[in-house]
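Student:
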Amino acid sequence: CGTGEGKRKLQVHHIDYDKKNSHPDNLIALCHSCHMKTNFNRSYWKQKCQVIILKMNNL
6 CGTGEGKRKL QVHHIDYDKK NSHPDNLIAL CHSCHMKTNF NRSYWKQKCQ
56 VIILKMNNL
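In structure tokens, the structure reads:
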């Protein structure tokens, strides 16, 4: 997934937690395990998703 843990099946996560906001800049692919973790410590995951996106844009 986007965290680099190598899971194969991916889910779409809304970075700002607004399911109505499906703009591509607000979406990231995460494995089920990581996606479930995003329900806790939202501020951490918002920041982590932004870091992942920055790293992917610099490839």
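Be aware that the sequence shown starts at 6, since it is given in our numbering, and climbs by one per residue. Note that the Cβ used here is the ideal one computed from N, Cα and C, for glycine as well. No experiment lies behind these values; they were computed from the predicted model shown.
#1: Give every residue of the same chain whose Cβ lies closer than 6 Å to the Cβ of C54, excluding the five residues on either side of it in the sequence, and list them in chain order.
#2: Along the chain, where does the beta strand (DSSP E) that runs through L15 open and close?
#3: Using the Cβ count rule (16 or more neighbours within 10 Å means buried), how would you classify H37?
#4: Out of K51, C39, H28, which has the shortest C-alpha to C-alpha gap to K14?
Tutor: Taking the definition as stated:
#1: Within the sequence shown, the letter at position 49 stands for residue 54. Here the set comprises I20, I33.
#2: Position 10 of the sequence shown holds residue 15. 15-19 is the extent of the beta strand (DSSP E) around L15.
#3: Taking the first residue of the sequence shown as position 1, residue 37 is located at position 32. By the 10 Å Cβ count, H37 comes out exposed.
#4: What you label residue 14 is simply residue 9 of the sequence shown in a count that begins at 1. Comparing Cα positions, the closest option is C39.
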